[in-house]
Every structure is written in structure tokens, then in C-alpha cells.
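A short worksheet on the structure shown next.
Numbering (the UniProt record's numbering), first residue to last: 1 to 486.
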């Protein structure tokens, strides 16, 4: 290590007389990374970094295998991750959000996340650039000549800063333990990481993906359906401000930024300003084009699915997945409620509590109805008002009678309206068998045993509420109860 000076000084780069390096910068590139001459010179494997990185991934494997199996742990780690970036355009928030309940307040979470992300970015920026400013004043050189930007910036700035703190060895150990997972295990790895970072996960492809995500949701899916979904999830209508922002402000801003990046695009270069070879630049453009093409294809596919005017909760032929657009609203005269859940007249508690247990009861009722359809006409009564949202489904009002024609689809039943003589699909949760307990005013919902026990133990239980066991469950399953309010 004798070849590296321990003194802070200006070192002229042999290949560029105007380029200056501190001892920390030289140590980072020449000793830690031992970077090769260029991206076309792969060099040898850095065994020190490879062993460290392997150990980190082994620990990550055991954490994922043994530890992160509960939703609380997933969300704790997700909450930590959003401190670094909002993740827009990568799909990470969509994947993490799939762990939420349907009625989770995503509106609140989005605002909190944006505020935290902005605060974290400002804090990190102040921490890094205050050190750069100090180095610029100490070395008497312009700020942009202190270090070269890139993924290794943190390794160049913080070591120089901690070397000036009391007990610098302690702070250095703590710092490098914190960022050990960022190891790169080959001599040209730094160049490959820069190429992928510049051409595949930032700049043009990221803005392209974000633009098509925004337009496919706000225009392809439509503001009417967006407002309906958010009202069902949150319990209130979102402001028109957000609709205008999603449909006009954000797409225009992203498009303007995209055009700016394209106009001022410059090829990837080495830290000393030398251009990457032609084959590396071509590879970067191919990665960039692949990301853009994939995003455009998915946006086009989403538009085709939307044009089919599929029904709420009815599987689409293009996706094979159910798309929940509407659920029954609680309208019971004496609803059973207990903080985190609410059961209203004609509304299965599965909408807000235990979906699996209640679906078992509904499936049994569906089987009974199928037998009735085969034996003779079955009549249904509407539990709630419903406005048609697509071609093929019926609008109806609470109390109207319909004849069941086909209930082979679990979520949507095909019926004939007795007043209008029209036939179409109706959501299963909006209707009940005429004369059955679900159609009575005192019926509050079918709930699993766990929720029933909470109701019984609730000190604030409404007077007149009682539970009746509908069936005795098999071994290992919960009993099912009717919750009645009178």
C-alpha cells in the first residue's frame, strides 16, 4: 500500500492533465476495484469481492428462506426500502402493494411515501455535497473536478470525510459494513454496471416506461373506473385534482423530460472522459430499445383488455384474472361492527375480513341454487342498487326481482329482469335467493368463527345482535355463523 499517499494532495492523471484525483479516489479505482483498461478488457475475477458478495447473498438467502414469511415483515422491509427511492417505473411498488388488503388506504401511503422519499433525498444530498464542497475548498479546485460521478461516488466521498473525524478507523469500519453489499466482483464490473445503469434502468427507458404506465392507467383504463375503484377501496371519492394530474400534468411533464433527455443524450464514457467502444454502445442501445418495446407492448395489451369492457369480478378472456370494480355496500339497519371489520345487510364479511371461510358458505349456496335451476325457476331479489358499468350487465334497484338463468360463473350470475324483460349479468354479492335468510332485513352477513368470537367478546356489541351456527366445520376448519341484528 506504499504506492498510495496518505496525504491529501492533487494528483495529476497521466492521461488527462486537467483531471485531479485524491488518494481516496485512486485507492478506490486502483486497489479496491483494480479496474481494467476498458469495458472490452474483462480482466480477472476479484476474489476478495467475490467472496464478500457470495457471503452477503448467502445471508440474504437464509433471511428470505426463514425470516420474511409474514406480511408484517414484508411491509417492514418495504417501508425501509422506499426510503431510498420511490421506485416509480420499476414495478416494485406494484408488487409490494399486492400484499395489501383491498381496503388499504393507499392514498395515505402514497402521500407519506413521497414526503419521506423527498426528505431522505434532501438529507442524502446535503450529506454528500457538503463533503464535496469541503473537499473543493480544501484542494482549491472546482467542485466538478473533485471526484467523478457514478455508482462509486459514495466510496470516494465518505472515506475522505470519515478520515477527518475523531477515531477515523471506527467510522471507516462502520461505513464499509453498511455498504458491503455493493461489492463488484470483476475488474470490468464497474464499467458494466455503469453501462446497465445508464442504458437499461435510468434515463430514456425509465421515462419511457413511466410515460406508458401513466397513460395506460389514466387514459386506457379511464377516469370513471379509476374513481369507482378508489371510492370502493377508500370509502370516499378522490379529488379531481388527482385525475387531472394523472391524465394531463404528469404525462406532459414526463414527455417533456423524455424529449430533453433524448435531445441532450450523450454516449457512456469512462471516468476519464474516454468513450466506450462501439460494440458496448450498441449493446446499451439494444437494452434501451428492449425496455421501451416491452413497455409499449404491455400498454397496448392493457388497452386491448380494456376495450373488451369486461365486468367487475368477472375473469377477462385476455387476462384470465378477475378485475374487481365494484363490491356490495353495507346498508344494514343494524350492522355488526368491531373496529377493523364491518358487516352490513346482505354483504358477506369476506369483502372486509376472511374471504376464504365465507366463500365456502357462498359456494355451498351456489351449489344449492344450481340444483334449483335444474329443478325449476329460481328467483333472486336485489340487495343493493346497481348501475351498469359495461355492455352485458344489468342495472337494477334494491328490492327488484330477477329470475336466475345461469350461475356457473362464481362471481357473476346471468339473470332475466322480470320488470324490464332484459337478460344480463349481475354481481353475485348484490343479489340473494328470494325468501332466503340473506334477503331479510335482519340478516347481517355470514361470518367465520374467529370474527364471531370477536363479536361475542366485544363490550360494545349492539343490543339484539346474536349469532346462529349455520354448519359445523370439518376438522381444522372454522365454523360458519349467521350474524343477525334485530
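All C-beta atoms, glycine included, are put in the ideal place defined by N, C-alpha and C.
Candidates the options, of which the one nearest residue i by Cα
i           : options               : result
residue 196 : 387, 283, 108 and 396 : 283
residue 28  : 207, 176, 382 and 124 : 176
residue 268 : 38, 30 and 26         : 38
residue 413 : 393, 53 and 234       : 393
residue 425 : 44, 435, 31 and 386   : 386
residue 405 : 397, 396, 399 and 422 : 422
residue 502 : 280, 232 and 58       : Residue numbering for the chain in the displayed model covers 1 to 486; residue 502 lies beyond these limits and cannot be assessed.
residue 420 : 411, 192 and 396      : 396
residue 40  : 281, 61, 265 and 398  : 281
residue 221 : 389, 26 and 279       : 389
residue 214 : 246, 35, 204 and 225  : 246
residue 399 : 411, 407, 408 and 417 : 417
residue 223 : 241, 209 and 210      : 241
residue 47  : 279, 174 and 31       : 31
For residue j and residue i, the rounded distance between their alpha carbons
i           : j           : result
residue 127 : residue 172 : 16 Å
residue 23  : residue 285 : 35 Å
residue 322 : residue 167 : Per-residue confidence for residue 322 stands at a pLDDT of 35, beneath the threshold of 50, marking its modelled position as unreliable; no derived number is given.
residue 257 : residue 134 : 32 Å
residue 194 : residue 236 : 45 Å
residue 192 : residue 159 : 24 Å
residue 114 : residue 209 : 20 Å
residue 58  : residue 51  : 11 Å
residue 226 : residue 110 : 16 Å
residue 136 : residue 278 : 35 Å
residue 125 : residue 411 : 51 Å
residue 250 : residue 116 : 20 Å
residue 265 : residue 142 : 24 Å
residue 290 : residue 42  : 24 Å
residue 340 : residue 230 : Residue placement at residue 340 is flagged as unreliable, the pLDDT there being 32, under the threshold of 50; a coordinate-derived value is accordingly withheld.
residue 25  : residue 216 : 45 Å
residue 120 : residue 436 : 57 Å
residue 62  : residue 140 : 49 Å
residue 129 : residue 174 : 20 Å
residue 60  : residue 409 : 43 Å
residue 170 : residue 138 : 24 Å
residue 274 : residue 263 : 21 Å
Cβ-based burial, residue i [other Cβ within 10 Å; buried from 16]
i           : result
residue 108 : exposed
residue 382 : buried
residue 104 : exposed
residue 428 : buried
residue 122 : exposed
residue 49  : buried
residue 515 : The chain is shown only over 1 to 486; residue 515 falls outside these bounds and no answer can be derived.
residue 239 : exposed
residue 207 : buried
residue 431 : buried
residue 218 : buried
residue 112 : exposed
residue 118 : exposed
residue 248 : exposed
residue 490 : As shown, the chain starts at 1 and ends at 486. That puts residue 490 outside it, with no answer to give.
residue 276 : buried
residue 244 : exposed
residue 252 : exposed
residue 384 : buried
Residues near residue i by beta carbon distance below 7 Å, same chain, minus five either side
i           : result
residue 434 : 379, 380, 381 and 401
residue 101 : none
Beta-carbon contacts of residue i that lie in its chain and below 6 Å, excluding the five residues immediately before and after
i           : result
residue 377 : 403
residue 259 : none
residue 204 : 261 and 288
residue 303 : With a pLDDT of 48 at residue 303, under the threshold of 50, the modelled position of this residue cannot be trusted, and the question is left open.
Short CB-CB distance (under 9 Å) between residue i and chain D
i           : result
residue 132 : The displayed structure is made up of one protein chain only, and chain D is not part of it.
Same chain, Cβ closer than 8 Å to residue i, neighbours up to 5 away in sequence not counted
i           : result
residue 234 : 103, 105, 106 and 107
residue 415 : 380, 394, 402, 403, 404, 405, 423, 424, 425, 426 and 431
residue 164 : none
Can you list, in chain order, the stretches of the beta strand (DSSP E) that have 3 or more residues and sit fully within the stretch 85 to 134? Entirely contained in the stretch 85 to 134, not one beta strand (DSSP E) run reaches 3 residues.
Continuous beta strand (DSSP E) assignments of at least 3 residues falling wholly in the stretch 414 to 440: For the beta strand (DSSP E) assignment, the uninterrupted runs of no fewer than 3 residues enclosed by the stretch 414 to 440 are, from N- to C-terminal side, 423 to 427 and 431 to 433.
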